[in-house]
Structures are given as structure tokens and as C-alpha cells.
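Worksheet: the structure to be examined is printed underneath.
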Amino acid sequence: MNQPVPGHIYIITGPSGVGKGTLCKMLLAVEPNLTLSVSATSRALRAGETDGVSYHFKTRGEFEAMIAHDQAQADAERHHLLEWAEYNGNYYGTHRSVVQEALQAGRNVLLEIETQGALQVKRKFPAAHLIFVAPPSLEELEHRLRVRGTESEADIASRLEISRHEMTLQDQFDYVLVNQRLEACMTAIREIIARSGSRHSLR
Ligand code: 5GP
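Quick note, the sequence shown lines up with residues 2 to 204 if you use our numbering.
As C-alpha cells, then:
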């Protein structure tokens, strides 16, 4: 039997509150060959989140055990995590096997992750498509974080501080889109997917 053509990795990255999660939900509803990789995190579950759907929730100890396992394992094919980062005091990471199995089955994989993790994936998969979603301004980002209402004041302040740094990394990504209006941003991402998909099939 013919092996399926391996899928592509699309990474939606950018500051917290910029609309990455909403964009990913909208994309998954209209792109049938796209699979979302559900990340692991040590952060506490928020109201409305479901374990195994929003994230795979782990204790810090469980997460640190995965990191230690990977650091002791020379064979990257046996690692638990494709990438991981500490963000605002919590661990976040992508399960390697889930991504690789989906790619091998010919599915495109969508990752919604912060910038350090996105750059780690690019080093391992140079063909991954890195899409940095920027806010129209930091003031607008702050407004969106407040409207979201999921974080404390202290958390909003530290997320904004991290965002200021993340904005300086934009040049390292393949695409930078300003999320002024969700629909326009979605259209731009779908064009990236359509163009990269046709390039792939010509190889
Ligand atoms: P939140 O706590 O708001 O759910 O996520 C905080 C940040 O972690 C967001 O920027 C989100 O995109 C990012 N994130 C979520 N999952 C992962 C992951 O698997 N790896 C990395 N590096 N970042 C992630």
C-alpha cells in the first residue's frame, strides 16, 4: 500500500490574548485535514476547561518527569515532548508522538504555542510554517486580556511583560499577521495553508 504524503505543521504563535485560540477553533471548523495537537501543561485548569480537550493537565512533578526522561534519552524518537517551555511560571509542551503519528497519516497538524516552543519546533522541523499573530497594539492586547477575564491582575501584568518581549521576536517567523479583524486574519492563514499544501503536492 502507498504511504500517505506526510502532512504539514502549522504553528500559530504570538502573545497571550491576541486571539490564537479563537483563530485555531475557527480554522479547525473549516479545514478538514487539520488536527489540533492538545498540549500538556502544569497550569491549573480554568473554569470552562476540560482535561484532555483544552490541555492534558499535569502536576509540576509529572511534567518535570517528562522533561527528565527526554533529557536522559538520546533518541529523539523516544521523547515525550517535541518542545516545551516555561511560560509565566508554568510548563507547557507538545506531545511528540501525537504530532508525528498525525503527520505520518498525512494529516496537517496545528500547534497553538508560545514563541520559544515555536522556534524549537522550527529547529526540528525546518519545513514547519510559523505564523506569528500580532495585536494591533499592546494597548489593544491589554484590553483583550481584560475582556477575556480569565486572569488575575498580576497575571495580566506578567503576560503583558512577556508579550513585549515576544513582539521583538517577530522577524524570526515565516509570516506575521496583525489580528485587527478575526475574519481577515483567518483568510490570510487559510491562504498560507492552501499555498503550502499545493507546493507540497508538487514535490
Ligand atoms: P494559557 O495559559 O493562556 O492557556 O497559555 C499560555 C501560553 O502558552 C499561550 O501563549 C499558549 O499559546 C502557550 N502554549 C499552549 N500550549 C503550549 C505548548 O504546548 N507549548 C508551548 N511552548 N506553549 C504553549
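Just so it is clear, CB atoms sit at the ideal spot from N, CA and C, and this is done for glycine as well.
Cβ-based burial, residue i [other Cβ within 10 Å; buried from 16]
{"i": "residue 110", "result": "buried"}
{"i": "residue 137", "result": "exposed"}
{"i": "residue 112", "result": "buried"}
{"i": "residue 130", "result": "buried"}
{"i": "residue 81", "result": "buried"}
{"i": "residue 204", "result": "With a pLDDT of only 33 at residue 204, under the threshold of 50, the placement of this residue in the model should not be trusted, and no figure is reported."}
{"i": "residue 127", "result": "exposed"}
{"i": "residue 104", "result": "buried"}
{"i": "residue 102", "result": "exposed"}
{"i": "residue 115", "result": "buried"}
{"i": "residue 34", "result": "exposed"}
{"i": "residue 149", "result": "exposed"}
Residue i - containing alpha helix (DSSP H), residue span
{"i": "residue 23", "result": "21-31"}
{"i": "residue 6", "result": "Element bounds for residue 6: n/a, residue is neither H nor E."}
{"i": "residue 119", "result": "116-125"}
Residue i vs residue j beta-carbon contact at 8 Å
{"i": "residue 135", "j": "residue 180", "result": "yes"}
{"i": "residue 25", "j": "residue 10", "result": "no"}
{"i": "residue 107", "j": "residue 8", "result": "yes"}
{"i": "residue 122", "j": "residue 84", "result": "yes"}
{"i": "residue 1", "j": "residue 56", "result": "In the structure displayed, the chain extends from 2 to 204; residue 1 sits before or after that span and is not available."}
{"i": "residue 95", "j": "residue 153", "result": "no"}
{"i": "residue 92", "j": "residue 61", "result": "yes"}
{"i": "residue 193", "j": "residue 176", "result": "yes"}
{"i": "residue 18", "j": "residue 160", "result": "yes"}
{"i": "residue 183", "j": "residue 51", "result": "no"}
{"i": "residue 147", "j": "residue 157", "result": "yes"}
{"i": "residue 151", "j": "residue 47", "result": "yes"}
{"i": "residue 142", "j": "residue 5", "result": "no"}
{"i": "residue 197", "j": "residue 99", "result": "no"}
{"i": "residue 120", "j": "residue 72", "result": "no"}
{"i": "residue 190", "j": "residue 28", "result": "yes"}
Residue i Cβ short of 7 Å to ligand 3 heavy atom set
{"i": "residue 48", "result": "Summarising the ligand content, the structure contains ligand 1 and does not contain ligand 3."}
Would you list, in sequence order, the uninterrupted beta strand (DSSP E) runs of no fewer than 3 residues that lie entirely inside the segment 18-99? As summarised for the segment 18-99, the continuous beta strand (DSSP E) elements at least 3 residues long and confined to that stretch are 35-37, 82-88 and 91-96, given in chain order.
Which runs of the beta strand (DSSP E), 3 residues or longer, sit entirely within the segment 131-192? 176-179
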